[in-house]
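The following block contains the structure:
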(Lines of atoms letter the chains of each structure in order from A and count residues from 1; the text may use other names and numbers.)
(Lines give C-alpha, C1' and ligand atoms only; values in the text may rest on other atoms or scores of the structure.)
Protein backbone atom coordinates (compact mmCIF):
# COMPACT_ATOMS: atom_id res chain seq x y z
CA UNK A 1 0.00 0.00 0.00
CA UNK A 2 1.03 3.57 -0.48
CA UNK A 3 3.19 5.20 2.15
CA UNK A 4 2.05 8.53 3.66
CA UNK A 5 4.71 10.45 1.74
CA UNK A 6 3.27 9.22 -1.52
CA UNK A 7 -0.31 10.25 -0.86
CA UNK A 8 0.31 13.81 -2.04
CA UNK A 9 1.56 12.82 -5.45
CA UNK A 10 -0.77 13.15 -8.42
CA UNK A 11 -2.34 9.80 -9.39
CA UNK A 12 -0.64 8.32 -12.44
CA UNK A 13 -2.61 7.81 -15.61
CA UNK A 14 -3.38 4.23 -16.60
CA UNK A 15 -1.26 3.15 -19.57
CA UNK A 16 -2.61 0.91 -22.33
CA UNK A 17 -0.29 -1.91 -21.36
CA UNK A 18 -1.03 -2.27 -17.65
CA UNK A 19 1.24 -5.14 -16.68
CA UNK A 20 4.53 -4.04 -15.24
CA UNK A 21 4.06 -0.35 -16.08
CA UNK A 22 2.22 0.89 -13.01
CA UNK A 23 3.97 1.21 -9.68
CA UNK A 24 0.98 -0.30 -7.91
CA UNK A 25 2.30 0.45 -4.45
CA UNK A 26 2.77 4.14 -5.30
CA UNK A 27 -0.94 4.67 -5.95
CA UNK A 28 -2.93 6.54 -3.28
CA UNK A 29 -4.40 4.22 -0.67
CA UNK A 30 -7.85 3.15 -1.88
CA UNK A 31 -10.74 4.76 -0.04
CA UNK A 32 -13.48 2.69 1.57
CA UNK A 33 -15.79 3.63 -1.31
CA UNK A 34 -13.31 2.34 -3.88
CA UNK A 35 -12.83 -0.90 -1.93
CA UNK A 36 -16.60 -1.35 -1.68
CA UNK A 37 -17.21 -0.77 -5.39
CA UNK A 38 -14.28 -2.96 -6.46
CA UNK A 39 -15.29 -5.71 -4.03
CA UNK A 40 -18.94 -5.67 -5.13
CA UNK A 41 -18.04 -5.99 -8.81
CA UNK A 42 -15.52 -8.73 -8.02
CA UNK A 43 -18.11 -10.72 -6.06
CA UNK A 44 -20.75 -10.53 -8.78
CA UNK A 45 -18.24 -11.53 -11.47
CA UNK A 46 -16.88 -14.45 -9.45
CA UNK A 47 -20.25 -15.96 -8.48
CA UNK A 48 -21.92 -15.48 -11.85
CA UNK A 49 -19.12 -17.09 -13.88
CA UNK A 50 -18.62 -20.09 -11.59
CA UNK A 51 -22.26 -20.73 -10.72
CA UNK A 52 -22.72 -23.95 -12.80
CA UNK A 53 -19.71 -25.64 -11.16
CA UNK A 54 -20.97 -24.55 -7.74
CA UNK A 55 -24.36 -26.09 -8.56
CA UNK A 56 -22.77 -29.47 -9.33
CA UNK A 57 -20.73 -29.24 -6.12
CA UNK A 58 -23.95 -28.69 -4.14
CA UNK A 59 -25.59 -31.73 -5.73
CA UNK A 60 -22.55 -33.92 -5.11
CA UNK A 61 -22.57 -32.97 -1.41
CA UNK A 62 -26.25 -33.72 -0.77
CA UNK A 63 -26.76 -36.96 1.14
CA UNK A 64 -30.55 -37.13 1.01
CA UNK A 65 -30.97 -37.37 -2.74
CA UNK A 66 -32.95 -40.02 -4.62
CA UNK A 67 -31.16 -43.25 -5.66
CA UNK A 68 -31.07 -42.02 -9.26
CA UNK A 69 -29.50 -38.68 -8.38
CA UNK A 70 -27.13 -40.32 -5.89
CA UNK A 71 -25.73 -42.47 -8.69
CA UNK A 72 -25.53 -39.45 -10.99
CA UNK A 73 -23.52 -37.30 -8.55
CA UNK A 74 -21.36 -39.93 -6.85
CA UNK A 75 -18.78 -40.03 -9.63
CA UNK A 76 -16.46 -37.41 -11.07
CA UNK A 77 -17.21 -33.82 -11.94
CA UNK A 78 -17.21 -34.68 -15.65
CA UNK A 79 -19.68 -37.55 -15.13
CA UNK A 80 -22.02 -35.28 -13.19
CA UNK A 81 -21.81 -32.60 -15.88
CA UNK A 82 -22.71 -35.06 -18.65
CA UNK A 83 -25.53 -36.49 -16.54
CA UNK A 84 -27.08 -33.08 -16.00
CA UNK A 85 -26.82 -32.29 -19.70
CA UNK A 86 -28.67 -35.49 -20.61
CA UNK A 87 -31.38 -35.40 -17.92
CA UNK A 88 -32.19 -31.75 -17.18
CA UNK A 89 -30.16 -29.70 -19.62
CA UNK A 90 -27.20 -27.46 -18.84
CA UNK A 91 -29.53 -24.50 -18.32
CA UNK A 92 -30.75 -26.12 -15.09
CA UNK A 93 -27.35 -25.42 -13.53
CA UNK A 94 -28.12 -21.70 -13.69
CA UNK A 95 -31.22 -21.93 -11.49
CA UNK A 96 -30.84 -19.48 -8.62
CA UNK A 97 -28.03 -17.43 -10.18
CA UNK A 98 -29.99 -14.20 -9.65
CA UNK A 99 -29.93 -14.86 -5.90
CA UNK A 100 -26.14 -14.67 -5.70
CA UNK A 101 -25.95 -11.78 -8.16
CA UNK A 102 -28.27 -9.74 -5.92
CA UNK A 103 -26.58 -10.83 -2.70
CA UNK A 104 -22.93 -11.04 -3.76
CA UNK A 105 -22.61 -7.36 -4.71
CA UNK A 106 -23.37 -5.79 -1.31
CA UNK A 107 -21.93 -8.76 0.63
CA UNK A 108 -18.56 -8.60 -1.13
CA UNK A 109 -18.53 -4.81 -0.91
CA UNK A 110 -18.87 -5.15 2.86
CA UNK A 111 -16.33 -8.00 2.85
CA UNK A 112 -13.48 -6.13 1.15
CA UNK A 113 -14.21 -2.84 2.92
CA UNK A 114 -13.98 -4.59 6.28
CA UNK A 115 -10.81 -6.40 5.21
CA UNK A 116 -9.02 -3.23 4.05
CA UNK A 117 -10.07 -1.35 7.19
CA UNK A 118 -8.94 -4.15 9.52
CA UNK A 119 -5.59 -4.50 7.73
CA UNK A 120 -4.91 -0.88 8.66
CA UNK A 121 -6.31 -1.27 12.18
CA UNK A 122 -4.22 -4.36 12.97
CA UNK A 123 -1.07 -2.97 11.36
CA UNK A 124 -0.90 -5.93 8.94
CA UNK A 125 -0.70 -3.53 6.01
CA UNK A 126 2.92 -2.61 6.71
CA UNK A 127 3.95 -5.49 8.99
CA UNK A 128 6.23 -8.38 8.11
CA UNK A 129 6.62 -11.99 9.15
CA UNK A 130 4.34 -13.52 11.78
CA UNK A 131 2.69 -10.20 12.62
CA UNK A 132 1.67 -9.76 8.99
CA UNK A 133 0.26 -13.30 8.80
CA UNK A 134 -1.66 -12.92 12.08
CA UNK A 135 -3.05 -9.51 11.16
CA UNK A 136 -4.12 -10.71 7.73
CA UNK A 137 -5.82 -13.79 9.21
CA UNK A 138 -7.73 -11.70 11.77
CA UNK A 139 -8.76 -9.20 9.10
CA UNK A 140 -9.97 -11.97 6.79
CA UNK A 141 -11.92 -13.66 9.58
CA UNK A 142 -13.75 -10.49 10.63
CA UNK A 143 -14.44 -9.63 7.00
CA UNK A 144 -16.13 -12.96 6.36
CA UNK A 145 -18.33 -12.63 9.46
CA UNK A 146 -19.70 -9.39 8.04
CA UNK A 147 -20.05 -10.91 4.57
CA UNK A 148 -21.87 -14.07 5.70
CA UNK A 149 -24.29 -12.21 7.92
CA UNK A 150 -25.59 -10.49 4.80
CA UNK A 151 -25.11 -13.34 2.31
CA UNK A 152 -26.46 -16.35 4.22
CA UNK A 153 -30.16 -15.97 3.27
CA UNK A 154 -29.23 -15.59 -0.41
CA UNK A 155 -27.03 -18.69 -0.15
CA UNK A 156 -29.89 -20.74 1.32
CA UNK A 157 -32.18 -19.75 -1.56
CA UNK A 158 -29.42 -20.48 -4.06
CA UNK A 159 -28.81 -24.01 -2.80
CA UNK A 160 -32.52 -24.84 -2.64
CA UNK A 161 -32.80 -23.89 -6.31
CA UNK A 162 -29.62 -25.78 -7.21
CA UNK A 163 -31.00 -29.08 -5.93
CA UNK A 164 -31.65 -31.88 -8.41
CA UNK A 165 -35.25 -31.64 -9.62
CA UNK A 166 -35.95 -28.39 -7.74
CA UNK A 167 -39.51 -27.16 -8.36
CA UNK A 168 -38.78 -23.55 -7.44
CA UNK A 169 -39.38 -21.25 -10.40
CA UNK A 170 -37.84 -18.01 -9.14
CA UNK A 171 -35.77 -16.59 -6.30
CA UNK A 172 -38.75 -14.67 -4.91
CA UNK A 173 -41.01 -17.75 -5.01
CA UNK A 174 -38.34 -19.88 -3.33
CA UNK A 175 -37.79 -17.32 -0.57
CA UNK A 176 -41.54 -17.02 0.09
CA UNK A 177 -41.91 -20.81 0.22
CA UNK A 178 -39.06 -21.18 2.73
CA UNK A 179 -40.45 -18.39 4.89
CA UNK A 180 -43.98 -19.84 4.87
CA UNK A 181 -43.00 -23.45 5.53
CA UNK A 182 -39.98 -23.12 7.83
CA UNK A 183 -39.97 -19.59 9.19
CA UNK A 184 -37.30 -16.91 9.06
CA UNK A 185 -34.94 -19.05 11.11
CA UNK A 186 -34.39 -21.31 8.09
CA UNK A 187 -32.38 -18.56 6.44
CA UNK A 188 -29.88 -18.58 9.33
CA UNK A 189 -29.96 -22.17 10.64
CA UNK A 190 -26.64 -22.79 8.89
CA UNK A 191 -25.06 -19.46 9.88
CA UNK A 192 -23.01 -20.82 12.83
CA UNK A 193 -21.75 -23.66 10.61
CA UNK A 194 -21.11 -21.23 7.79
CA UNK A 195 -19.04 -19.04 10.10
CA UNK A 196 -17.13 -22.08 11.35
CA UNK A 197 -16.28 -22.87 7.73
CA UNK A 198 -15.74 -19.45 6.22
CA UNK A 199 -13.60 -17.94 8.98
CA UNK A 200 -10.83 -20.54 8.50
CA UNK A 201 -11.48 -20.53 4.74
CA UNK A 202 -11.16 -16.76 4.35
CA UNK A 203 -8.36 -16.40 6.89
CA UNK A 204 -6.37 -19.09 5.10
CA UNK A 205 -7.28 -17.70 1.70
CA UNK A 206 -6.18 -14.15 2.54
CA UNK A 207 -2.92 -15.34 4.12
CA UNK A 208 -2.02 -17.59 1.16
CA UNK A 209 -2.97 -14.87 -1.32
CA UNK A 210 -0.94 -12.13 0.36
CA UNK A 211 2.10 -14.39 0.83
CA UNK A 212 2.09 -15.77 -2.74
CA UNK A 213 1.52 -12.29 -4.17
CA UNK A 214 4.44 -10.90 -2.18
CA UNK A 215 6.63 -13.82 -3.25
CA UNK A 216 5.86 -13.43 -6.96
CA UNK A 217 5.73 -9.63 -7.06
CA UNK A 218 8.44 -8.21 -4.83
CA UNK A 219 8.61 -4.94 -6.82
CA UNK A 220 4.98 -4.06 -6.04
CA UNK A 221 3.95 -3.36 -9.65
CA UNK A 222 0.41 -4.04 -10.83
CA UNK A 223 0.52 -7.49 -12.44
CA UNK A 224 -2.80 -9.25 -13.17
CA UNK A 225 -1.06 -12.59 -13.78
CA UNK A 226 0.36 -12.52 -10.25
CA UNK A 227 -3.05 -11.69 -8.77
CA UNK A 228 -4.59 -14.52 -10.81
CA UNK A 229 -2.01 -17.14 -9.77
CA UNK A 230 -2.03 -16.06 -6.12
CA UNK A 231 -5.84 -16.12 -6.08
CA UNK A 232 -5.99 -19.60 -7.63
CA UNK A 233 -3.47 -20.98 -5.12
CA UNK A 234 -5.34 -19.40 -2.22
CA UNK A 235 -8.68 -20.75 -3.41
CA UNK A 236 -7.40 -24.30 -3.91
CA UNK A 237 -5.74 -24.56 -0.49
CA UNK A 238 -8.64 -23.00 1.42
CA UNK A 239 -11.26 -25.07 -0.44
CA UNK A 240 -9.54 -28.39 0.21
CA UNK A 241 -8.98 -27.76 3.92
CA UNK A 242 -12.56 -26.63 4.64
CA UNK A 243 -14.52 -29.15 2.52
CA UNK A 244 -15.80 -31.19 5.55
CA UNK A 245 -17.35 -28.05 7.01
CA UNK A 246 -18.89 -27.17 3.66
CA UNK A 247 -20.52 -30.62 3.43
CA UNK A 248 -22.16 -30.02 6.82
CA UNK A 249 -23.30 -26.56 5.76
CA UNK A 250 -24.91 -27.95 2.60
CA UNK A 251 -26.80 -30.57 4.62
CA UNK A 252 -28.22 -27.92 6.96
CA UNK A 253 -29.15 -25.49 4.20
CA UNK A 254 -31.00 -28.10 2.13
CA UNK A 255 -32.62 -30.12 4.93
CA UNK A 256 -36.01 -28.48 4.44
CA UNK A 257 -36.33 -29.87 0.91
CA UNK A 258 -35.74 -33.54 1.76
CA UNK A 259 -38.04 -36.33 2.95
CA UNK A 260 -35.29 -37.87 5.09
CA UNK A 261 -36.56 -37.48 8.66
CA UNK A 262 -33.10 -37.70 10.22
CA UNK A 263 -31.72 -35.01 7.95
CA UNK A 264 -34.71 -32.75 8.61
CA UNK A 265 -34.12 -33.17 12.34
CA UNK A 266 -30.47 -32.04 12.16
CA UNK A 267 -30.29 -28.93 14.30
CA UNK A 268 -26.71 -27.83 13.86
CA UNK A 269 -23.09 -28.65 13.21
CA UNK A 270 -22.82 -31.51 15.72
CA UNK A 271 -25.89 -33.29 14.34
CA UNK A 272 -24.66 -32.89 10.77
CA UNK A 273 -21.20 -34.31 11.52
CA UNK A 274 -22.63 -37.31 13.41
CA UNK A 275 -25.12 -38.11 10.66
CA UNK A 276 -22.57 -37.91 7.84
CA UNK A 277 -19.95 -39.88 9.78
CA UNK A 278 -22.38 -42.66 10.68
CA UNK A 279 -23.67 -43.10 7.14
CA UNK A 280 -20.58 -42.53 5.04
CA UNK A 281 -17.53 -42.38 7.27
CA UNK A 282 -14.63 -40.06 6.50
CA UNK A 283 -15.36 -40.15 2.76
CA UNK A 284 -18.71 -38.52 3.44
CA UNK A 285 -16.95 -35.44 4.78
CA UNK A 286 -14.98 -35.04 1.56
CA UNK A 287 -17.95 -35.31 -0.81
CA UNK A 288 -17.59 -32.84 -3.65
CA UNK A 289 -13.99 -31.92 -2.81
CA UNK A 290 -12.89 -32.06 -6.46
CA UNK A 291 -15.79 -29.87 -7.57
CA UNK A 292 -15.10 -27.50 -4.68
CA UNK A 293 -11.43 -27.10 -5.62
CA UNK A 294 -12.24 -26.77 -9.33
CA UNK A 295 -14.85 -24.16 -8.41
CA UNK A 296 -12.77 -22.14 -5.96
CA UNK A 297 -9.50 -22.02 -7.90
CA UNK A 298 -10.88 -19.98 -10.82
CA UNK A 299 -13.50 -18.17 -8.74
CA UNK A 300 -10.93 -16.89 -6.24
CA UNK A 301 -8.56 -16.02 -9.08
CA UNK A 302 -11.37 -14.12 -10.84
CA UNK A 303 -12.38 -12.38 -7.62
CA UNK A 304 -8.89 -11.16 -6.69
CA UNK A 305 -7.92 -10.23 -10.26
CA UNK A 306 -11.13 -8.24 -10.71
CA UNK A 307 -10.82 -6.62 -7.29
CA UNK A 308 -7.20 -5.56 -7.76
CA UNK A 309 -7.89 -4.30 -11.30
CA UNK A 310 -10.92 -2.24 -10.24
CA UNK A 311 -9.10 -0.88 -7.18
CA UNK A 312 -6.09 0.07 -9.30
CA UNK A 313 -8.21 1.65 -12.05
CA UNK A 314 -10.41 3.62 -9.67
CA UNK A 315 -7.47 4.79 -7.55
CA UNK A 316 -5.44 5.76 -10.62
CA UNK A 317 -8.41 7.76 -11.90
CA UNK A 318 -8.65 9.58 -8.57
CA UNK A 319 -12.09 8.14 -7.70
CA UNK A 320 -12.86 8.53 -4.03
CA UNK A 321 -9.86 10.78 -3.33
CA UNK A 322 -9.50 14.49 -2.68
CA UNK A 323 -7.76 16.52 -5.42
CA UNK A 324 -4.04 15.88 -5.38
CA UNK A 325 -1.36 18.49 -5.53
CA UNK A 326 0.66 18.40 -8.72
CA UNK A 327 4.47 18.40 -8.73
CA UNK A 328 4.39 21.93 -10.18
CA UNK A 329 2.19 23.25 -7.40
CA UNK A 330 4.33 21.56 -4.79
CA UNK A 331 7.43 23.14 -6.32
CA UNK A 332 5.90 26.61 -6.43
CA UNK A 333 4.77 26.28 -2.83
CA UNK A 334 8.22 25.28 -1.71
CA UNK A 335 9.78 28.14 -3.68
CA UNK A 336 7.37 30.70 -2.27
CA UNK A 337 8.20 29.84 1.32
CA UNK A 338 10.40 32.63 2.77
CA UNK A 339 13.89 31.66 3.88
CA UNK A 340 14.97 33.14 7.22
CA UNK A 341 18.04 35.37 6.95
CA UNK A 342 20.94 35.49 9.38
CA UNK A 343 20.03 39.06 10.31
CA UNK A 344 16.51 38.01 11.31
CA UNK A 345 18.01 35.26 13.45
CA UNK A 346 20.29 37.81 15.11
CA UNK A 347 17.37 40.16 15.72
CA UNK A 348 15.41 37.35 17.30
CA UNK A 349 18.31 36.58 19.60
CA UNK A 350 18.66 40.26 20.61
CA UNK A 351 14.94 40.53 21.43
CA UNK A 352 15.32 37.68 23.88
CA UNK A 353 17.60 39.89 26.04
CA UNK A 354 20.37 37.30 25.87
CA UNK A 355 18.38 34.71 27.75
CA UNK A 356 18.99 31.01 27.16
CA UNK A 357 15.46 30.57 25.83
CA UNK A 358 16.09 33.25 23.23
CA UNK A 359 19.21 31.48 22.01
CA UNK A 360 17.33 28.21 21.70
CA UNK A 361 14.52 29.93 19.78
CA UNK A 362 17.04 31.53 17.46
CA UNK A 363 18.64 28.21 16.65
CA UNK A 364 15.21 26.63 16.01
CA UNK A 365 14.29 29.42 13.60
CA UNK A 366 17.58 29.06 11.82
CA UNK A 367 16.84 25.36 11.35
CA UNK A 368 13.86 26.29 9.14
CA UNK A 369 16.09 27.25 6.21
CA UNK A 370 14.77 25.54 3.04
CA UNK A 371 16.34 22.29 1.87
CA UNK A 372 17.25 23.98 -1.42
CA UNK A 373 20.22 25.60 0.35
CA UNK A 374 21.49 22.24 1.65
CA UNK A 375 24.95 22.54 0.02
CA UNK A 376 25.62 25.65 2.11
CA UNK A 377 24.28 24.33 5.40
CA UNK A 378 27.68 23.42 6.86
CA UNK A 379 29.23 26.82 6.12
CA UNK A 380 26.14 28.75 7.21
CA UNK A 381 25.93 26.78 10.43
CA UNK A 382 29.56 27.57 11.31
CA UNK A 383 29.03 31.31 10.73
CA UNK A 384 25.76 31.31 12.69
CA UNK A 385 27.19 29.55 15.72
CA UNK A 386 30.20 31.87 15.75
CA UNK A 387 27.86 34.85 15.57
CA UNK A 388 25.64 33.59 18.39
CA UNK A 389 28.61 32.97 20.68
CA UNK A 390 30.00 36.49 20.15
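Numbering (UniProt numbering), first residue to last: 1 to 390. In this text, a Cβ means the ideal position worked out from N, Cα and C, and glycines have one as well.
*Please name the residue in 77, 84, 153, 165 whose C-alpha comes closest to that of residue 102.*
Residue 102 has its Cα closest to that of 153, out of 77, 84, 153, 165.
*Does the distance from the C-beta atom of residue 109 to that of residue 165 stay below 8 Å?*
No. Outside cutoff.
*Considering only the beta carbon of each residue, do residue 42 and residue 303 sit closer than 8 Å?*
Taking 8 Å as the Cβ cut-off, residue 42 and residue 303 qualify as a contacting pair.
*asked:* To test your reading of the DSSP string, which unbroken alpha helix (DSSP H) runs of 4 or more residues are found completely within the UniProt repeat "Solcar" (222 to 313)?
replied: Restricting attention to alpha helix (DSSP H) runs no shorter than 4 residues, the UniProt repeat "Solcar" (222 to 313) encloses them at 224 to 241, 243 to 254, 261 to 264, 269 to 280, ordered along the chain.
*Using the beta-carbon count (16 or more within 10 Å), is residue 76 buried or exposed?*
Under this definition residue 76 is an exposed residue.
*asked:* Between 37, 140, 297, which has its C-alpha nearest residue 197's C-alpha?
replied: For residue 197, the nearest C-alpha among the options comes from 140.
_Just to confirm the assignment, what range does the alpha helix (DSSP H) spanning residue 175 have?_
Looking at the DSSP string, the run of the alpha helix (DSSP H) that includes residue 175 is 171 to 182.
*Below 8 Å CB to CB, which residues in the same chain sit around residue 208 once its five sequence neighbours on both sides are set aside?*
Beyond the five residues adjoining it in sequence on each side, residue 208 comes within less than 8 Å, by CB distance, of 230, 233, 234, 237, 238 in the same chain, given in chain order.
_Neighbourhood of residue 116 by C-beta distance below 6 Å, restricted to the same chain and skipping five residues each side_ = Excluding positions up to five away in sequence, the list reads 35.
*Since residue 414 contacts residue 178 with CB under 8 Å, what's their CB separation in whole angstroms?*
There is no way to answer for residue 414, as the model of the chain reaches only from 1 to 390.
*Status (buried if at least 16 other CB within 10 Å, exposed otherwise) for residue 274*: Residue 274 is classed as exposed because its beta carbon has fewer than 16 other beta carbons within 10 Å across all chains shown.
*Is residue 290 near residue 54, with beta carbons less than 8 Å apart?*
Contact flag unset, no.
*Is residue 38 helix, strand or coil when you go by DSSP?*
Under the three-state reduction of DSSP, residue 38 is assigned to helix.
*Counted within 10 angstroms of its Cβ, other Cβ atoms place residue 259 as buried (16 or more) or exposed*: Its Cβ having fewer than 16 others within 10 Å, residue 259 is exposed.
*What residues in its chain sit with their C-beta under 6 Å from that of residue 157, if we drop five residues either side in the sequence?*
99, 171, 174, 175.
*Could you give the distance in angstroms between the alpha-carbon of residue 213 and the alpha-carbon of residue 226?*
Using only the alpha carbons, I get a separation of about 6 Å.
*Are the beta-carbon atoms belonging to residue 241 and residue 204 less than 8 Å from one another?*
Yes.
*With DSSP collapsed to three states, give me the class of residue 217.*
The answer is coil: DSSP assigns residue 217 none of H, G, I, E or B.
*Since I believe residue 61 is in contact with residue 278 (beta carbons under 8 Å), could you give me their beta-carbon distance rounded to a whole number of angstroms?*
Going by Cβ atoms, the distance from residue 278 to residue 61 rounds to 17 Å, so no, they are not a contact pair.
_Considering just the uninterrupted stretch of the alpha helix (DSSP H) at residue 154, what are its terminal residues?_
Per DSSP, residue 154 belongs to the alpha helix (DSSP H) from 129 to 162.
_Burial state of residue 282, where buried means 16 or more other Cβ atoms lie within 10 Å_ = Taking a 10 Å sphere around the C-beta of residue 282, we find fewer than 16 other C-beta atoms and assign the residue as exposed.
_Distance CB(residue 78)-CB(residue 162) smaller than 8 Å_ = With respect to the 8 Å criterion, residue 78 and residue 162 are not classified as neighbours on the basis of their beta carbons.
_Integer Cβ distance of residue 107 from residue 150, believed to fall under 8 Å_ = Contact flag correct, Cβ pair sits at about 5 Å.
*Label residue 126 either buried or exposed according to how many other C-beta atoms from any shown protein chain fall within 10 Å of its C-beta, with 16 as the threshold for buried.*
Result: exposed.
*So what's residue 107 in DSSP terms, helix, strand or just coil?*
The answer is helix: DSSP assigns residue 107 an H, G or I state.
*With DSSP collapsed to three states, give me the class of residue 125.*
In the structure shown, residue 125 sits in coil (DSSP, three-state: anything other than H, G, I, E or B).
*Hey, would you say residue 111 sits closer than 8 Å to residue 143, going by beta carbons?*
Yes; because the gap between Cβ atoms is below 8 Å, this pair is in contact.
*asked:* Quick check: the Cα distance between residue 137 and residue 202, rounded to an integer number of angstroms?
replied: Each residue's alpha carbon lies about 8 Å from the other.
_Length-filtered (4 minimum) alpha helix (DSSP H) runs lying within the segment 76 to 103_ = Segments of the alpha helix (DSSP H) lying fully in the segment 76 to 103: 77 to 87.
*Smallest Cα separation from residue 305: which of 251, 219, 266, 210?*
The residue with the shortest Cα to Cα distance from residue 305 is 210.
_Short CB-CB distance (under 8 Å) between residue 130 and chain D_ = Protein chain content of the structure displayed is limited to a single chain, and chain D is not contained in it.
*In terms of residues, what are the limits of the alpha helix (DSSP H) holding residue 55?*
Start and end: 51 to 61.
*Name the residue from 123, 250, 217, 317 whose alpha carbon lies nearest to the alpha carbon of residue 284.*
Each of 123, 250, 217, 317 was checked against the Cα of residue 284, and the nearest Cα belongs to 250.
*asked:* Please classify residue 192 as buried or exposed, where buried requires at least 16 neighbouring CB atoms within 10 angstroms.
replied: Exposed.
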